[in-house]
Each structure stands twice: as structure tokens, then as C-alpha cells.
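Sequences listed follow chains E and R, in order.
For the first sequence, the positions run 76 to 248 when the working numbering is used.
For the second sequence, the positions run 1108 to 1538 when the working numbering is used.
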Amino acid sequence: MLQDHAKLMKVFSCAGEIVGRKKLQKMIYIAKKLHFPFYEKYNFHFFGPYSEELTLRVEELENNGFLSEVKEKKGGYVQYRYTLSEEGREFLNHFQVDMPFLEGCIKNMNEQSSRFLELVSTVLYFEDLPKEQVQEKVFTLKSKQNYSEEEIAQAHQYIATLRNQTITMARSV
Amino acid sequence: MATYKDEQLHEEKVFKDPVHRYVHVRDKLIWDLIGTAEFQRLRRIRQLGTTFFTFHGAEHSRFNHSLGVYEIIRRIIEIFQGREHWDNSERLLCLAAALLHDVGHGPFSHSFEKVFRLDHEEWTRAIITGDTEINAVLKRVSDDFPKKVAEVIAKTYENKLVVSMISSQIDADRMDYLQRDAFYTGVSYGHFDMERILRVMRPTEDQVVIKKSGMHAVEDYIMSRYQMYWQVYFHPVTRSAEVILTKILHRAKKLYKEGYQFAIEPKHFYSLFNGNVSLKDYLALDESVMLFFFQNWMHEKDDILKDLCTRFMNRNLFKYIEFNPNSSYLQLMELMKLFTEAGIDTNYYLEVDSSSDLPYDFYRPGEEGERIPIYLLMPNGELRELSRESEIVESISGKKRTDHKLYYPQDFVDSLPEGDIKKKIKEILQG
């Protein structure tokens, strides 16, 4: 019961602070694709993979006082900052959330820009396609983001690094 | 001679429909798709899952809804004819995608997907691109047509306008299900002036937008969506039936994994239990099959499976109380301990259900890279997000309303012997 909420709280606990809803969406999607047991359902939207279920779950955590959400106006747009509250930490103490390699992965992703994570998650969304077709999809569906070939190559490299790290950590146990 | 994609029926076919009055079919492709086994299977999958336990009229199927979405898209295309940004060569693709957008739904699909970790959108893609009658029909248009239809439904098609007609915050899918669900449940909330909305829809490069003069009709649609969410989709009694359904599937899977001998072998479920479902297995499942097994499992030796199925079939549902995970979490742990001491298995007889478990949503103004919001086309050609112009929409989209409920079998609690355990359980449940 409430296991999926607890897993998300674990993410905030590992990250310290997550700035931006888009970033959060992409971090969970990427973690899911790395086989961490997140079960929020994702669809492809204008800004890449997006989960309404995740948005609602985060709202629940905030409404229940487990998560602090700070809204900031940044020039022409709005941005949200998330941190786990004291009550959230206390709640999490009652849960056995067994994802030993999550912390490194979350910290790593949290250091990336949301623009880059949007690209990484889009590449992962189409990972069953050959690389050239993935690139074509990025150029077509993300035309407004103007990603370069070099950035796409970096995204592939980043995915490989994250996967290797997770596998290495798993083997070292 | 006309190619298949241009082939028209000699006479237009019509389906009588309680929501749109008539669904009109003229394209041979659409007629053939409706006749496929995979599309006909949708007659055996209810649109609203377990809602019929609460609103007895809600027996309508995904078949009705799919035809309705097709009809709305057909009407939108008529309105878009000749307008800038609308490419009429996409017409058949739009119609086919509208008709097939839900073809991958499984029986009682929400619980079913949750328990077996499936995604109906992936199955929709598999049905359209795999070895099926639907694929064979679509391929008659062109070899890459099935792929294109699948991409539109998956929202990864290059023409974003086409995608947004079928899937956006004001799309044919939602406009059909809100009206249809309102009609069949008998509630008065889901009504709005769709004809007006269709008349003020305008195509742009990336999406459908609404002329400012149509804002009030859209406000009505947003209110309907909000009301239906809380009054119908998240109805606590429906959720109780969903909880029991989920528990039945978990229990049956657990028994199978432990080598339990069912009186009638549930062969339809084996690949689901084993996590290796083929397209053929998936298509063989519908709600008739599921209810057949539930009916049989009412007589199984396993007490839990037997009880849960009897509850589901006879509508003896769990009761619920409001639950706040923050202030009541320690009480929940105490309750779990007491249930266990009383011999009630908390894996099957205690559940917290949250609003995030629901596959429906309400309008969001699309802050920070969420879904694209609804845009109004202002008289000066500028696009403005709906909630910035409409106070009504702003007032409901700014509120974050969430909900959790705790479900439990009241009859089990009542039948416990008098004593400390029963007293403590009742104290917690009665607050």
C-alpha cells in the first residue's frame, strides 16, 4: 500500500532537490527504462514521454504534506522546485524501499539539464528503432528544440553510461 | 478503377447512435475495419469497466465509443476542408486512427493492466502492425499505412495537427467519451455544446485551436470533464469494485504460481500469469471470458478467491473511509496488525486507493513542459492559453484536488467475535 508513493519519495530523498516538473518527469521515465521498478504509465507528448499518473502522484504527495513545492517565476515561464518535507522523511522511514542503485543514478540525472533529459528520454522512447531512425524521429518530433547530431550522440553515450553504472553496481553486490 | 484508399461504398452505411444520432460510413476501408475480428472484440469490453456496479446503465462498450470518435473526426474533417494547414491526403489516416485508437484495450482494462503490467497502447500498436485482420485491411491502402496509423495513435506521427485531433486536451476521444459516459450513466454533468466547439475549431501547423468566440462552449466542456471526473470516474463504489477485481487477479496468479489445481483450468490466463502474453492470447481475452472464470471461481476451494469472486459477482463490495496518508498512516499500520491478528489477510482485504490510480484526468494549463494546453485564437491572430482568458477554467485548473480512500470488508469486521481486537478495529475505522 502506497508503495509507489514511497518510491517517489525515495527519489526526492536521493536527489535533495529537483528543479522543474519536466526534469522530474524525464528522470522517472529514464529510471523506469533502466529497469528501476517505477510503474507510472507514460505516453509520448509534445515534450517527450510524459506521465499524468506521475503528475497526480506528485500532487498527492504535496497535498499530504510529504513534499514541498515552490513555484518560481522565471522570466516568461513558471518553474517548480521540489524537496521532501520532514513529514515525508518520517513517512519514508516506515517503508522498505528496496532500490539500492537508485541514488547514484538519480544524482547523476539531477545534474543534467532538463533539455538534455528530454532528449535522452526521447531517444529511449524510440530505442527499438535503428539509430538513424531515432535521429530522424528526434529531428521531426523535436524540431523546435533544434537538437544537433552531436547532442543525440551524447544522449546515446549517456544512456550507455547509466546502464553500465547500474550493471556494475548490481554486480558488485 | 479507384484504388482501395479511394474506394467508396455504393451507398453510405449508417449506425444509429444515441449520442451522435448517426455514425456515417462511406469509405470501404472503414467499413472493412469495423468488420474485423479484433474490432468486433471491442463489443465485449465495456467502456467504463466496473462503473456499471454504480450506474447500472453504464454497460456501453469500447465498440460504441470507437465508432463515436470516428464520427467526430469525420465531422471535424468536414469543417477543416479547404482551410490552411489541413492536408486532405491525411483524411483516411485520421479516420482509421480514430476508429482504432482503443483497439488494444483488454477486459476491465485498468485493473488488468495494473496487475499484469501491460499497456493497452502497446497492444494497440501490436494489433495494428502485427498478424491480424486489421493489419491486412490497412495494408491494402499501402505497406506503410499500418505503421502510420500506429504512429498517430502513439502520438509520434510527424503531422502534429493530425495527432492533436485524436489526442489532446480537447480531442475527439474526450468529446465522445464525456457525452457517451454521461448518456449511459444517466448523469446530467457530461453535456456540452459539441456542435459549437466543432464549428470554432481551427487547424494550425501543430494543433487544433479554438476561436475566441467559442470560449464559453469550451468552458462548458472543461466543467463537464471536471464534474465527470469526480462524480463518475472516481466514484468510490466503482473504485471498490476495481479494488476487488485487482485482488481477484492477484490471488488467481498467486495460486497458479503455487501450483494450485483449479477446478476448471484457467488456460486463458496462463500466459498472463507467466508474463509471456502473445498477441493471439491477448485477443482471446475479453470480459465474457473473465466473468466466466469469476463465476467458476465462486466455487473454488480456495477461500480467498472464492470470497472475492462472490463479492464481485454479487456486488457485495468493500466499504471505505476517507484516508489521509500523513495523519493516519500509523493507524493504518495498527489496523494491518489487528487484521492479521483477527485472521484477515491484509494483502486482499485492506487497500488504499488514490486518485492517481485513475486513468482519467482534468484540464491542465500545461505549465513547464506538461501536456499542450488548449489555445484560443484571438481576433488579432495571437494564441492565448485558455485559463488565462477564462476565469472559470482558471479557478478549477488552479486547484490540486486529490483523494485517498481505505477499503475494507465491513462484513468481516462485523462477524469477528466480540473482544479487544474487534473493538480496536472499529475504533480506527470509525475514526
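Glycine included, C-beta positions come from ideal geometry on N, C-alpha and C.
Report task. Output the distance between the C-alpha atoms of residue 111/E and residue 1524/R, rounded to the nearest integer angstrom. Result -> The alpha-carbon of residue 111/E is positioned some 44 Å away from that of residue 1524/R.
Requested in this report: Using 10 angstroms around the beta-carbon of residue 78/E, count the other beta-carbons present and answer buried if the total reaches 16, otherwise exposed.
Outcome: Only exposed fits residue 78/E, as fewer than 16 other CB atoms lie within 10 angstroms of its CB.
Query raised in the report: Roughly how many angstroms lie between the CA atoms of residue 1447/R and residue 1532/R, to the nearest whole one?
Result: 11 Å
Query raised in the report: Do you know whose CA, among 207/E, 157/E, 90/E, 76/E, lies nearest residue 179/E's CA?
Result: 90/E
Query raised in the report: For residue 118/E, does the three-state DSSP call read helix, strand or coil?
Result: strand
Query raised in the report: Is there at least one Cβ from chain E nearer than 7 Å to residue 1516/R's Cβ?
Result: no
Query raised in the report: Going by Cα to Cα distance, which pick from 1205/R, 1301/R, 1482/R is closest to residue 1262/R?
Result: When only C-alpha atoms are compared, the closest one is 1205/R.
Requested in this report: Apply the 10 Å Cβ neighbour rule to residue 1518/R and answer buried if 16 or more other Cβ atoms are within range, or exposed otherwise.
Outcome: exposed
Query raised in the report: Along chain E, which residues have their Cβ under 7 Å away from the Cβ of residue 1261/R?
Result: 119
Query raised in the report: Which two residues bound the contiguous beta strand (DSSP E) that contains residue 1553/R?
Result: Residue 1553/R is absent from the structure shown; chain R starts at 1108 and stops at 1538.
Report task. Determine, using beta carbons only, whether residue 1123/R and residue 1132/R come nearer to each other than 7 Å. Result -> no
Query raised in the report: Hey, how far is the Cα of residue 1159/R from the Cα of residue 1422/R?
Result: 10 Å
Requested in this report: Using alpha carbons as the reference points, say which of 1109/R, 1191/R, 1128/R, 1152/R lies closest to residue 1311/R.
Outcome: 1191/R
Report task. Please find out if some non-hydrogen atom of the ligand FAD comes closer than 6 Å to the beta-carbon of residue 1378/R. Result -> Annotation note on the ligand FAD: not contained in the displayed structure, which lists no ligands.
Query raised in the report: My guess is that residue 1515/R and residue 1426/R are in contact by the Cβ rule of under 8 Å, so how many angstroms apart are they, rounded?
Result: 6 Å
Query raised in the report: Helix or strand or just coil, what does DSSP make of residue 1393/R?
Result: coil
Report task. Drop a sphere of 10 angstroms on the beta-carbon of residue 205/E, count the other beta-carbons inside from all chains shown, and report buried for 16 or more, exposed for fewer. Result -> exposed
Query raised in the report: Enumerated in chain order, which unbroken segments of the alpha helix (DSSP H) with a length of 4 residues or greater are wholly contained in the segment 194-243 of chain E?
Result: 206-216
Requested in this report: With 9 Å as the limit, tell me which residues of the segment 1440-1460 of chain R have their beta carbon closer than that to any beta carbon of chain E; keep them in chain order.
Outcome: 1440, 1443, 1453, 1457, 1458, 1459
Report task. Can you have a look at residue 153/E and say buried or exposed, based on whether 16 or more other CB atoms are within 10 angstroms of its CB? Result -> exposed
Requested in this report: Consider the Cβ of residue 1463/R: report whether some Cβ of chain E lies at a distance smaller than 7 Å.
Outcome: yes
Requested in this report: For residue 1293/R, collect the residues of the same chain with a Cβ closer than 8 Å to its Cβ; drop the 5 residues on either side in sequence, then sort them by chain order.
Outcome: 1162, 1164
Query raised in the report: For the alpha helix (DSSP H) that residue 1494/R lies in, which residues bound it at each end?
Result: Here the alpha helix (DSSP H) through residue 1494/R covers 1493-1496.
Query - Selection from 1450/R, 1214/R, 1252/R, 1218/R that minimises the alpha carbon distance to residue 1232/R - result: 1252/R
Report task. List the residues that DSSP assigns as beta-bridge partners of residue 158/E. Result -> 143/E
**Report entry** Three-way DSSP call (helix, strand, coil) for residue 1270/R in this model
**Finding:** helix
Query - Cβ pair count under 8 Å reaching 3, the segment 1295-1315 of chain R against the segment 1255-1274 of chain R - result: yes
Query raised in the report: List, in order along the chain, the chain R residues whose C-beta lies closer than 9 Å to that of residue 166/E?
Result: Those within 9 Å of residue 166/E in chain R are 1432, 1433, 1436.
Query raised in the report: Would you say residue 150/E faces chain R, with C-beta separation under 7 Å as the test?
Result: False, the Cβ-Cβ gap to chain R never drops below 7 Å.
Requested in this report: Could you run through the segment 215-246 of chain E and flag, in chain order, every residue whose CB is less than 7 Å away from some CB of chain R?
Outcome: Listed by position along the chain: 215, 216.
Query raised in the report: Is residue 1282/R closer than 7 Å to residue 1179/R when the C-beta atoms are compared?
Result: yes
Query raised in the report: Buried or exposed: which applies to residue 130/E, given that a residue is buried once 16 or more other Cβ atoms fall within 10 Å of its Cβ?
Result: buried
**Report entry** CB-CB length for residue 1134/R against residue 1199/R, believed under 8 Å
**Finding:** Between residue 1199/R and residue 1134/R the Cβ distance is about 7 Å, and since that is below 8 Å, they are a contact.
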